[in-house]
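Take a look at the structure set out below.
Number of protein chains: 2
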Amino acid sequence: MNRRKILQLLGKSVAAGAFFKLSTGLAQGKIPQGATEPMKTLGIPLREYGERSEFEQKVIRYISPNLRSRHTGASFTPLDQLEGVITPSSLHFERHHSGVPNVNPAEYRLVVHGLVSRPLIFTLQDLKRFPSITRTYFIECAGNGQNGYRNPPDMTLTATRSRGLVSTSSWTGVPLSILLKEAGIKEGARWLIPESQDAAAYIRSLPLEKALEDVLVAYAQNGEAIRPEQGYPVRLVVPGWEGSIQVKWLRRIELTDTPVMSKDETSEYTDVMADGKIWAFTWLMEPQSIITYPSGLQQIERGFHEIRGLAWSGFGRVRRVEVSLDGGRNWKRAALEPAPDPLSAVRFKVNWAWDGRETVIMSRATDEKGNTQPTQEEFFTRWARNNRYHYNAIQAWRIGADGRVVNGDRTLAGAPAQLGAAGRGGCGGES
Amino acid sequence: MNRRKILQLLGKSVAAGAFFKLSTGLAQGKIPQGATEPMKTLGIPLREYGERSEFEQKVIRYISPNLRSRHTGASFTPLDQLEGVITPSSLHFERHHSGVPNVNPAEYRLVVHGLVSRPLIFTLQDLKRFPSITRTYFIECAGNGQNGYRNPPDMTLTATRSRGLVSTSSWTGVPLSILLKEAGIKEGARWLIPESQDAAAYIRSLPLEKALEDVLVAYAQNGEAIRPEQGYPVRLVVPGWEGSIQVKWLRRIELTDTPVMSKDETSEYTDVMADGKIWAFTWLMEPQSIITYPSGLQQIERGFHEIRGLAWSGFGRVRRVEVSLDGGRNWKRAALEPAPDPLSAVRFKVNWAWDGRETVIMSRATDEKGNTQPTQEEFFTRWARNNRYHYNAIQAWRIGADGRVVNGDRTLAGAPAQLGAAGRGGCGGES
C-alpha cells in the first residue's frame with residue numbers, strides 16, 4: 001500500500017471533517033501504572049453463561065423510590081448509559097400490574113376461540129413450528145414522557161426518567177394472521193380480546209385489522225426466550241402501538257364483534273383532549289426523540305462531542321431528526337444510524353464543538369407520515385392539561401458554563417404542574 | 432372492516448402457501464389444568480436488572496469436558512437453541528488463552544505508538560468522545576468447524592458443536608482510522624501490532640490497509656459495555672476476519688513496517704494447504720452455513736417444519752443460501768431474513784412438509800464474491816488433510832424414520848480422522 005492509498009483511505013474515513021482537532025481532554029503523556037495489572041494474573045475461566053463486568057453493575061433500570069408497591073408500576077431503561085439501538089434484555093423497561101408471573105413453558109397453552117370455525121389450543125412447541133418472523137421493533141409505554149414534564153421543570157431530570165419507558169428488541173414469533181387463518185375467522189368478527197395470565201388477568205381489545213396486518217405472537221427476544229418481565233414464554237408484539245396493548249404472558253385470544261371495554265382501556269390508557277373529550281383506543285405512539293448524550297445530570301468538557309440520541313415513531317419510519325444547539329433558534333439535521341426501519345428506534349448523531357458558553361440543546365423527530373414532535377405549549381393545545389399519556393413534547397437540556405447538564409425545559413405560564421394533575425395515578429409516574 | 436378486506440389481508444399474510452394444512456401435532460381439545468396457576472399468585476416485583484426464566488437455565492454455552500484447563504480454550508454459542516441473528520451477549524462464544532482479565536475501566540489506557548507523529552494515550556472516556564459507529568458483525572473463530580469434521584462422522588454432533596464458534600453482535604466504537612489520523616501515520620508504516628492485556632500478552636499483526644478500511648476500536652456490544660469475555664472494556668472489531676485477530680482487552684497498538692510474527696500467527700492460526708505449503712495471514716473467513724433446526728440430536732414429528740439456519744461470509748454479504756432436502760440431489764433457494772448486511776450473519780428459512788421417510792438435509796451458502804461452501808471432498812483438495820482452520824464444508828443432517836436427527840456427513844475413503852490430525856492442539860477442538 002503506497003502513501004497515496006493511505007491518504008486516500010484516511011480522507012475517506014474522516015469525511016465528517018477534522019472535528020478531532022477541536023478535542024480537548026485526550027490525555028497525552030506517560031502510561032500510568034496499574035493499567036497492566038491484569039497481565040500478571042490468570043483470568044476468569046470459560047463459563048457456561050456470561051455476566052457483566054463487576055465495574056458495570058451500576059448500570060440498572062430506574063425504579064422510582066416513591067412507588068407504594070413494586071408489584072405494580074414501571075422500571076425505566078437507562079437510556080443515558082446505552083449505545084446503539086438494541087436494548088439489552090436485562091435492561092428492557094418493565095411495566096406490570098400484579099408482578100411478573102412465573103410461567104412453566106411445559107404447561108403453557110394459548111387458546112384461540114370465540115368467532116372462529118375451529119377453536120384451537122397451541123402449546124409453545126406448536127407455535128415454534130409455524131413459519132417465523134424476526135423484526136426489530138420499539139415498545140413504548142403510553143405513559144412514557146410523564147416524568148419528563150413538570151412545571152416548573154424538575155431540575156433533577158435525566159434522559160432515563162424523561163423517556164426511559166421505551167426499549168427496542170429483535171422479536172421472533174409467528175404472525176398472528178397465520179394462527180387466525182388456522183382457526184378460521186367467522187363472519188362478524190371485528191375484535192380480538194387478548195388476555196394475560198398474570199395475577200391481574202390483564203385484558204384488552206385489539207382490532208382485527210391490526211391483528212392481520214403485522215401483529216406477532218412472539219416467543220423470542222434478542223435471540224433467546226423472551227424474558228419473564230417481557231412476557232415469557234409468549235406475548236403479543238403490536239408494532240408501533242402503545243406497550244399496554246402488547247399483552248404479555250398471553251393465554252387466550254377471543255374473537256368478538258365488539259371490544260371488551262376493560263378497565264385498562266377505559267379508566268386507564270385513555271386520553272383527555274384539549275376540548276374536554278376523552279378518547280379511547282389511542283394506540284398509535286407519536287414521534288419521539290431524546291438526546292441521551294449530553295443529557296440531564298451529566299458533566300461535559302469543552303471541545304468535541306458527538307451528540308447522541310434515540311428517535312422513534314409508531315407511524316412508521318423516522319424520516320428525520322433535527323437538533324438545535326442554541327435553544328431552538330437554529331436546527332441542523334442529524335445523521336441517522338442505521339437507515340431507519342419501520343417501527344424501530346434509530347440512533348441520531350450530530351458532531352459538535354462546545355465553546356464553553358451556556359446553551360440549550362434539543363432534538364425533534366419527524367416521521368414518514370409528516371408528524372413532528374410538538375413543543376410543550378403545542379402539546380397542550382391538542383391534549384388537555386390533565387392528560388397523562390402520549391406526552392411527546394421536545395425535551396431540552398441546558399448546558400451550564402461549568403459543563404453541568406440539567407433539564408432545559410422552560411416554566412410555562414398557566415400550565416399544569418404535571419401530567420395527569422387531575423389526580424389519577426400513572427403507569428410511569430413517580431407520584 | 433368488511434369480509435373482503437379480511438380475506439384480502441389473510442391472503443397476503445399467508446402468501447407462502449397453505450403449509451399449515453400439512454401440520455400435525457397442533458393440539459386441539461380442552462384447556463389443560465395447571466396453565467392458569469400463575470394467575471393465582473402475585474408475581475415477581477420490579478427489578479433493577481433482569482434475568483432469564485428459571486426454565487431457561489439449561490440454554491448454556493457448550494464447553495468440552497475433554498479440556499485440560501478452562502483457562503485456555505473455547506466455549507460454543509448454543510446455535511441450536513437460539514432464534515434471529517443477534518447472539519445474546521451472555522451466550523457469545525468465548526476463546527481465550529490465559530483466562531478473561533478483570534480490567535478496571537478507570538485505569539484503562541490505550542497506547543498508540545511506533546511509526547506515528549504523535550504517540551497517544553487514550554482513556555476509555557476519551558475513546559467514547561470520538562465519533563462512533565454501530566454495526567452488526569459476526570465474529571468467528573478460525574477453528575470453527577473443527578468439531579464438525581470427524582471421519583467416520585461423529586454421530587453425537589450437534590449444530591452447536593459443529594459451528595458454535597461464531598456469534599453476531601451489534602458493536603459500537605470509534606473507527607480506528609480516526610485514532611490513527613489523530614496520531615499521524617509516518618512514512619513507512621505498513622502494519623499495526625495490537626496487543627492484549629490478558630495474562631498471555633496476546634499479540635498479532637494487522638495490515639494498515641484493513642485498519643483504515645473498517646476496523647473499530649469497540650467499547651459496546653448489543654447496547655451495553657462489552658462483556659468481559661469479549662474484551663471489556665475495549666477490543667478490536669475486524670469485520671469479516673478471523674476472531675483471533677480481533678484483539679480483546681486491547682492495551683497497545685504499535686505501528687511498524689513489518690509484522691511481528693508472533694506465536695499466534697506462525698505456529699497457530701496458519702493454514703496447511705493441499706500442496707504442503709503453509710499459508711500465514713489467512714484472515715478472511717470463508718462462507719459458512721448451518722441448519723440449526725432440525726439439527727443433530729433433535730427429534731421431529733411428521734408434517735410442517737420451517738427449516739431454519741444461519742449463514743455468513745467474511746467476503747461481504749451472503750448472496751444466497753440453498754437447502755437440499757434429499758441428500759444433495761436437488762437444491763432450493765432459502766428465504767433470507769433480514770436482507771443481508773455486509774459481514775453480518777443472516778437467518779435462512781425453508782418451508783418443509785416432512786413425509787416421515789428417512790432423508791438427509793443440508794445447506795450451502797454463497798457470498799457476493801461468488802464463493803460457495805465446498806463439500807468435504809472438495810475441502811481437502813484445497814486444504815491439507817492435517818489443516819485445522821477455516822473448515823467450512825457443507826454440514827448434513829440425517830433424519831431417521833423415527834424423526835431423530837443425527838450427523839448426516841458421509842465416511843470419506845482415505846481422509847483424515849479429524850482436522851489437525853497431525854497432532855497440533857486446537858482452539859475449538861475438543862481433543
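As given, the protein sequences belong to chains A and B, one line each in that order. Take 1 as the starting number for the first sequence in the numbering used here and just add one per residue. Take 432 as the starting number for the second sequence in the numbering used here and just add one per residue. Ideal Cβ placement from N, Cα and C applies to all residues, glycine included.
Can a CB atom of chain A be found closer than 9 Å to the CB of residue i?
i: Lys471(B); result: yes
i: Leu457(B); result: Note on Leu457(B): pLDDT 42, under 50, position unreliable in the model; the coordinate value appears next. Interface residue, yes.
i: Phe561(B); result: yes
i: Gly745(B); result: no
i: Asp695(B); result: no
i: Ser521(B); result: yes
i: Asn575(B); result: no
i: Pro690(B); result: no
When the distance is taken between beta carbons, is residue j closer than 9 Å to residue i?
i: Thr565(B); j: Pro294(A); result: no
i: Gly595(B); j: Thr508(B); result: yes
i: Asn144(A); j: Gln288(A); result: yes
i: Ala201(A); j: Glu209(A); result: no
i: Trp241(A); j: Gly314(A); result: yes
i: Thr713(B); j: Trp622(B); result: no
i: Gly148(A); j: Gln298(A); result: no
i: Arg385(A); j: Pro416(A); result: yes
i: Ile624(B); j: Pro690(B); result: yes
i: Ala159(A); j: Ile44(A); result: no
i: Val749(B); j: Leu588(B); result: no
i: Ala649(B); j: Arg666(B); result: yes
i: Ser484(B); j: Arg251(A); result: no
i: Pro773(B); j: Pro638(B); result: no
i: Leu498(B); j: Leu46(A); result: yes
Helix, strand or coil for residue i per DSSP?
i: Gln849(B); result: strand
i: Gln299(A); result: strand
i: Asp495(A); result: Because chain A is modelled from 1 through 431, residue 495(A) falls outside the range shown and cannot be assessed.
i: Tyr696(B); result: Note that residue 696(B) is Glu in the sequence shown, not Tyr. In the structure shown, Glu696(B) sits in a helix (DSSP, three-state: H, G or I).
i: Phe553(B); result: strand
i: Phe348(A); result: strand
i: Pro274(A); result: Note on residue identity: the sequence assigns Ala, not Pro, to residue 274(A). Looking at Ala274(A) - three-state DSSP - the assignment turns out to be coil, as it is neither helix nor strand.
i: Arg819(B); result: coil
i: Phe507(B); result: strand
i: Gln826(B); result: coil
i: Leu607(B); result: helix
i: Ala199(A); result: coil
i: Ser454(B); result: Its pLDDT being 40, under 50, Ser454(B) is placed unreliably by the model, and the measurement read from it follows with that caveat. Coil at Ser454(B), not helix or strand.
i: Arg592(B); result: helix
i: Arg658(B); result: coil
i: Gly856(B); result: Its pLDDT being 48, under 50, Gly856(B) is placed unreliably by the model, and the measurement read from it follows with that caveat. The answer is coil: DSSP assigns Gly856(B) none of H, G, I, E or B.
Do we get a CB-CB distance below 9 Å when we pair residue i with the residues of chain B?
i: His390(A); result: no
i: Lys5(A); result: yes
i: Arg424(A); result: Low per-residue confidence applies at Arg424(A): pLDDT is 49, beneath 50, and the placement is therefore not dependable enough to give any value.
i: Leu412(A); result: no
i: Val217(A); result: no
i: Ile245(A); result: no
i: Ser23(A); result: Confidence at Ser23(A) is low in this model, with a pLDDT of 39, below 50, so its placement is unreliable and no value can be given for it.
i: Ile63(A); result: yes
i: Gly114(A); result: no
i: Lys240(A); result: Checking the displayed sequence, the identity of residue 240(A) turns out to be Gly instead of Lys. Chain B contact via Cβ: absent.
i: Ala311(A); result: no
i: Arg204(A); result: no
i: Val103(A); result: yes
i: Gln197(A); result: yes
Compute the beta-carbon to beta-carbon distance between residue i and residue j, rounded to the nearest angstrom, for a pair I have assumed lies under 8 Å.
i: Ala784(B); j: Gly734(B); result: 6 Å
i: Thr123(A); j: Tyr108(A); result: 7 Å
i: Glu229(A); j: Gly654(B); result: Actually they do not touch by this definition, with Cβ atoms about 16 Å apart.
i: Lys895(B); j: Glu737(B); result: Outside the shown range of chain B (432 to 862) lies residue 895(B), about which nothing can therefore be said.
i: Trp312(A); j: Ala345(A); result: 4 Å
i: Arg70(A); j: Ile63(A); result: 7 Å
i: Gln221(A); j: Ser89(A); result: 6 Å
Comparing the C-beta of residue i with each C-beta of chain C, is any distance below 9 Å?
i: Ala220(A); result: The structure shown contains no chain C; its protein chains are A and B.
For residue i, is the beta carbon positioned less than 8 Å from some heavy atom of the ligand PLP?
i: Phe486(B); result: Looking at this structure, you won't find the ligand PLP or any other ligand, since it has none at all.
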